[in-house]
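Number of protein chains: 4
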Amino acid sequence: MTRVHIPIHRRWGDLDALGHVNNTSMLKLLEEARLRAFWKSEDPADQAPTAVFGNDVLGEGGTLATLIARQEIEYLAPVPYEHKPLDVQLWIGRLGGSSAEICYEVYSPSTGPEAQTLYARASAVVVMVDTATGRPTRLPEDVREVWAPYVEEPIAFSRR
Amino acid sequence: MTRVHIPIHRRWGDLDALGHVNNTSMLKLLEEARLRAFWKSEDPADQAPTAVFGNDVLGEGGTLATLIARQEIEYLAPVPYEHKPLDVQLWIGRLGGSSAEICYEVYSPSTGPEAQTLYARASAVVVMVDTATGRPTRLPEDVREVWAPYVEEPIAFSRR
Amino acid sequence: MTRVHIPIHRRWGDLDALGHVNNTSMLKLLEEARLRAFWKSEDPADQAPTAVFGNDVLGEGGTLATLIARQEIEYLAPVPYEHKPLDVQLWIGRLGGSSAEICYEVYSPSTGPEAQTLYARASAVVVMVDTATGRPTRLPEDVREVWAPYVEEPIAFSRR
Amino acid sequence: MTRVHIPIHRRWGDLDALGHVNNTSMLKLLEEARLRAFWKSEDPADQAPTAVFGNDVLGEGGTLATLIARQEIEYLAPVPYEHKPLDVQLWIGRLGGSSAEICYEVYSPSTGPEAQTLYARASAVVVMVDTATGRPTRLPEDVREVWAPYVEEPIAFSRR
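Protein chains in written order, with my numbering: chain A, 31 to 190; chain B, 31 to 190; chain C, 31 to 190; chain D, 31 to 190.
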């Protein structure tokens, strides 16, 4: 089972008036995990092994874009504010022609002796689009190659 | 078919670097629509017919709370910034013992001669919890009565 | 004394864990008031008399941009969540060569019999920049003409 | 010159439609730096030397709260998205009876061979309040002792 582990820092500002990380802030944290997992950093030492997107996607003069077509999230336990980063685990639940299903599990920090708490499970369908035509376009072969080892069973949501 | 129509103003700050309302901001807009639909306003003239929650829920000394257990959203078209409010339509897709499935469709503004664009469809499962025990508790009868006329078929998501 | 009054809706999500509109959310509300005051709407009936910026600024192929150079804000009372819109009042504190100081006072809703509460006073210095050179450029004459009637004394902040 | 250095991660979601970290998001980053600088962490190894606030402030049954009375910020250069954390430097510009002026300078990441870019300078006046009376109360002596070494000249804002 190969997953990418992305440490994501919460902010106190992610809390809402109920004192927990807001349910929409959780998706903000997943967005950042996704960016860090798939986007090439300016510093090669500072990126995930799954990073495949560069300036040709969304960058200056780019002709490709990735859009979110759907999202689903199940909240299992309230998330408190803490300094240590959450352990967001990502994998590919399905690698389609022009789209991919990104799966996430959000865990409490991996440091420390206690067992980690699973806070949430989520998925996002990302579609690759040609910005000239606005239509879906095939995921490039080099993207498929880098992502193939991370394909795993998609999440079976329990409350559907 | 009885739905609640809640006008929700976008903010320019809801846009992300791609120039459209960010996919997580969409859930922020749904959160606000849900609040306006279900929460009693300080001004009785300024609330939806479905408003049932008052200070006993989440308020000072309250013993009940509503939690989001899951969310699902399908994005159909990018949402631009515009001054006029979105037309967020809500109904109850399922009225359970201690939970309810809130369904939403997000449309472009209802004013003007053009047909409205359906931007997104979404659902959220809300669970009523007793804050003393932290466990699900039965939705009160008066809540059921107010909501019953708004029960309609839940959304059949297309990309699952 | 000529001010523009912009009604701005709060969101429950603007609250932080202390149960009041977060101090940074206040600036988000001011941002939206500024946009609504100065940006031409797609609907001429739906814009402030001070609206002067169109697609030549920040739009497709635009060559001008407005940047925020500084902001200052004084918080006078905690802002609760309420359905009714805040009454954000704007005026021009100083109309310079390539910049303007926007002044704001944030009041509780103007409807209702009670006297309005002044929640916050703020200012923002906006600079007009030529995107080709990245350097400040003179505010166009038509902008000056539209804004001249709204020039008033700038805010005298009390705690500096 | 003693300053606290707090590494703060940007999020792609901090960018606005202009493609830079939004001016209000900058204050969100400062908020997080302030929390990390002054709030005791659950993990003693993971907190700044200036951390003084615990559960007696804002916590369960707490009787003290800190409020932001004013903020001021000067933006010197647009902030891009990058994986590496910003280097937010904090110090105390003034230690008053019941309030303190927190000063910040926001720099590009401290790792790497290049000179750091100063992106913004800011200050926030924090007031300690007794939640029972709602009135300002004296900063405790132990807070003063911990903070005294970090008192330095306040920022001289240039565009006032």
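Glycine is no exception: its CB is placed at the ideal position from the N, C-alpha and C atoms.
Note that the coordinates shown come from a computational prediction; the quantities given were computed from them, not determined experimentally.
Where do the N-terminal and C-terminal ends of the alpha helix (DSSP H) with residue i fall, by residue?
{"i": "V159/C", "result": "That residue, V159/C, is in no alpha helix (DSSP H); its beta strand (DSSP E) goes 148-160."}
{"i": "R174/C", "result": "171-177"}
Please confirm whether residue i and residue j have their CB atoms less than 8 Å apart.
{"i": "V157/B", "j": "T93/B", "result": "no"}
{"i": "V173/D", "j": "R165/D", "result": "no"}
{"i": "A107/A", "j": "Y149/A", "result": "yes"}
{"i": "L60/B", "j": "V155/B", "result": "no"}
{"i": "S153/C", "j": "Y180/C", "result": "no"}
{"i": "E104/A", "j": "S188/A", "result": "yes"}
{"i": "V51/A", "j": "V87/A", "result": "no"}
{"i": "K58/C", "j": "R33/B", "result": "no"}
{"i": "G123/A", "j": "R168/A", "result": "no"}
{"i": "T147/C", "j": "S138/C", "result": "yes"}
{"i": "D76/D", "j": "H113/A", "result": "yes"}
{"i": "S129/A", "j": "A178/A", "result": "no"}
{"i": "L224/B", "j": "Y111/B", "result": "With chain B running from 31 to 190 in the structure shown, residue 224/B is simply not present."}
{"i": "T54/D", "j": "T54/C", "result": "yes"}
{"i": "P37/C", "j": "P143/C", "result": "no"}
{"i": "M56/D", "j": "V176/D", "result": "no"}
{"i": "P170/B", "j": "E131/B", "result": "no"}
{"i": "L125/B", "j": "A63/B", "result": "no"}
Anything in chain D within Cβ reach of residue i, meaning under 8 Å, just list it in chain order.
{"i": "Q77/A", "result": "H113"}
In chain C, which residues lie with their C-beta within 7 Å of the C-beta of residue i?
{"i": "G43/B", "result": "K58, E61, E62"}
{"i": "T54/D", "result": "T54, L57, K58, E61"}
What residues from chain B crowd round residue i, counting only those whose CB sits closer than 8 Å?
{"i": "I122/A", "result": "In chain order: nothing, as chain B lies at least about 16 Å away."}
Quick check on the DSSP output: the beta strand (DSSP E) that includes residue i runs from which residue to which?
{"i": "E102/B", "result": "94-105"}
{"i": "S55/A", "result": "Taken as a continuous stretch (DSSP letters only), S55/A belongs to no beta strand (DSSP E), being part of the alpha helix (DSSP H) at 53-68."}
{"i": "Y134/C", "result": "129-137"}
{"i": "V181/A", "result": "Neither: V181/A is in no beta strand (DSSP E) and is coded neither H nor E."}
{"i": "V34/A", "result": "34-38"}
{"i": "R124/A", "result": "116-125"}
Starting from the beta carbon of residue i, find every residue of chain B whose beta carbon is closer than 7 Å, and list them in chain order.
{"i": "G49/D", "result": "A47"}
Can you pull the chain D neighbours of residue i, defined as C-beta to C-beta under 7 Å?
{"i": "H39/A", "result": "H39"}
{"i": "S71/A", "result": "H113"}
Which residues in chain A have a C-beta closer than 8 Å to the C-beta of residue i? List them in chain order.
{"i": "R66/D", "result": "H113"}
Tell me whether residue i counts as near the ligand PLP, meaning its Cβ is closer than 7 Å to at least one heavy atom of that ligand.
{"i": "R151/A", "result": "The model on display carries no ligand, and the ligand PLP is accordingly not part of it."}
Return the residues of the stretch 156-174 of chain A that lie within a Cβ-Cβ distance of less than 8 Å from chain D, sorted by chain order.
Under the 8 Å Cβ criterion, the stretch 156-174 of chain A contributes no residue.
Is the number of C-beta pairs between the stretch 77-84 of chain C and the stretch 66-86 of chain D that are closer than 8 Å three or more?
These segments do not touch.
Would you call the stretch 60-78 of chain C in contact with the stretch 63-70 of chain D, where contact means no fewer than 3 C-beta pairs closer than 8 Å?
No contact exists between the stretch 60-78 of chain C and the stretch 63-70 of chain D.
Residues of the stretch 99-111 of chain C with Cβ closer than 7 Å to any Cβ of chain D, in chain order:
Taking 7 Å as the Cβ-Cβ cut-off against chain D, the residues of the stretch 99-111 of chain C that qualify are A99, R100, Q101, E102, I103, E104, Y105.
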